[in-house]
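In our numbering, the protein residues as written are 3 to 264. Where is the CB? At the ideal position from N, CA and C, for every residue including glycine. Remember, predicted model here, so these are calculated numbers, not experimental data. Down below is the structure, laid out as structure tokens.
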Amino acid sequence: MATTRILEWLGRLYIWLLLAFLYLPIIIMALMSFNVSPFYQLPFEWTTEWYASLWQNDQLIAATWNSVEIAVITTVICVVLGSAASLALYRYEFRGKKFLQALLFPPIAIPWLITGTAMLIFFFGVGIGRGLHAILLGHVALALPYVIVVVSARLQTFAPELEEAARSLGANQWQVTRRVTLPWIMPGVIAGGLFAFAVSFDQFVVSYFLATPGQTTLPVEIYAAIRKGFTPEINAVSTIIIVVSMALMLLTARFFKFGGEK
């Protein structure tokens with residue numbers, strides 16, 4: 003009994019230490035965005051001047067909007083193409099299907115440094131070049147396998163008899179997909195979309211290789227700002243992103259069932 007209690011206590015301690023390791027840096031960063039000292043000097047003095055300075059930093063704001071726009075467009079494209087590809091892989095048998103499914107995993111497993119270098123060479127070779135359009139293509143190529151894998155995993159729990167029953171009642175293929183299949187796979191679609199948005203918004207390596215001066219994303223801009231000299235404005239924009247992300251996640255968890263109870 004004593005040994006069990008000790009192991010239980012050690013397990014709880016390990017979890018709390020792990021959570022502290024993950025979240026303490028984020029909390030400290032958020033607090034320092036309200037500190038008057040740009041060098042993180044203590045004692046702590048409250049101020050909001052770094053948030054005011056952030057709105058005057060046109061370059062950082064432009065990079066943030068570039069990241070948001072690219073991430074949203076990437077998410078929409080990947081959700082549409084990934085869901086359609088998952089349904090095709092689920093419903094149809096064709097030559098090379100297993101090989102095609104196996105090709106989904108190398109883009110996830112290959113280091114992004116190699117992927118970014120390969121994309122840079124390829125895009126210049128075919129005349130696409132660099133810029134926001136090239137970044138968008140690169141992000142779609144990286145995020146699309148995540149959506150296909152997640153939605154395909156959801157489809158493995160789908161009963162094909164439901165589609166057959168809908169067809170026997172007179173529904174055409176579009177009605178079957180819209181009213182039977184899509185509602186079932188919607189948790190997978192949402193999860194895949196969140197993966198796609200996270201992969202795109204947080205992507206640094208591919209964006210760094212494909213960005214041009216004046217057309218960068220937020221991770222690239224933060225990297226460039228750190229090289230020149232770290233400013234608390236980066237803490238401010240990071241805190242805003244964390245707050246917005248957590249709010250969206252809480253709202254999603256509150257108003258969507260994801261296949262279960264609220």
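Identity of the residues DSSP links to residue i by a beta bridge
i	result
T214	Q217
N37	W48
Buried versus exposed call for residue i [16 or more other C-beta atoms within 10 Å across all chains shown]
i	result
R156	buried
A161	exposed
G261	Its pLDDT being 47, under 50, G261 is placed unreliably in this model, and the coordinates cannot settle the point.
E10	exposed
E223	buried
I187	buried
E263	Here the model assigns E263 a pLDDT of 47, short of 50, so the residue's position is not dependable and the matter cannot be decided.
M121	buried
Y210	buried
L184	exposed
I150	buried
W114	buried
I29	exposed
Proximity below 8 Å, CB of residue i to CB of residue j
i	j	result
E47	S39	yes
Q217	L134	yes
V152	A193	yes
L15	R132	no
L106	P147	yes
N59	E235	yes
A65	L220	yes
A73	S202	yes
A249	S35	no
T77	G190	no
Any non-hydrogen atom of the ligand HEM closer than 7 Å to residue i Cβ
i	result
P185	Among the components modelled here there is no ligand, and therefore nothing to report on the ligand HEM.
For residue i, three-class secondary structure by DSSP
i	result
L15	helix
A161	coil
N59	coil
E166	helix
P113	coil
E95	coil
L122	helix
Which residue spans inside the region 168-209 form an unbroken alpha helix (DSSP H) run of at least 4?
175-178, 184-203
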